[in-house]
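Participant:
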């Protein structure tokens with residue numbers, strides 16, 4: 110909660126990050142990172158807020174891959190509020206690059 114008595118905008122970005130990591134784990138992408146030193150880096154993030162989230166509430170972060178390039182990807186997010194009966198409270202997009210941390214540059218997927 111922030112001074113205006115609602116969830117601060119930065120928390121939405123953390124929710125998106127958590128959902129992204131759960132998505133990567135479910136897809137086995139983190140296994141590649143652990144064994145090969147390859148992983149995602151964030152190139153950009155955009156969030157559009159449509160309604161405040163208060164306390165108490167439970168949110169759900171719906172996550173999907175919206176674009177796959179040679180070494181980049183985009184993920185889309187829709188955050189819904191249980192207290193608002195499933196209303197969308199924010200949408201977001203993350204642009205990422207698959208990065209070879211050992212070589213120090215992007216790498217094809």
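Residue numbers (this note's numbering): 110 to 218. No residue lacks a Cβ here, since even glycine has one placed at the ideal position from N, Cα and C.
Count the C-beta pairs between the region 159-166 and the region 125-133 that are closer than 8 Å, then say yes if the count reaches three, no if not.
Facilitator: With a cut-off of 8 Å, the region 125-133 and the region 159-166 do not count as touching, because too few Cβ pairs lie within range.
Participant: So, using beta-carbon positions, are residue 149 and residue 179 closer together than 7 Å?
Facilitator: For the purposes of this step, residue 149 is taken as the residue at position 40 of the chain shown. For the purposes of this step, residue 179 is taken as the residue at position 70 of the chain shown. No, the pair does not count as a contact, with Cβ atoms beyond the cut-off.
Participant: Evaluate the contact criterion for the region 132-148 versus the region 185-203: three or more CB pairs, one atom per stretch, below 8 Å.
Facilitator: Not touching, per the Cβ criterion.
Participant: To the nearest angstrom, how far is it from the Cα of residue 114 to the Cα of residue 156?
Facilitator: For the purposes of this step, residue 114 is identified with residue 5 of the chain shown, where counting begins at 1. For the purposes of this step, residue 156 is identified with residue 47 of the chain shown, where counting begins at 1. Spanning the two alpha carbons is a distance of roughly 20 Å.
Participant: Between residue 170 and the rest of its own chain, which residues show a CB-CB distance below 7 Å, the 5 nearest in sequence each way excluded?
Facilitator: The residue labelled residue 170 in the question sits at position 61 within the chain shown. Correct list, in chain order: 124, 125, 128, 186 and 188.
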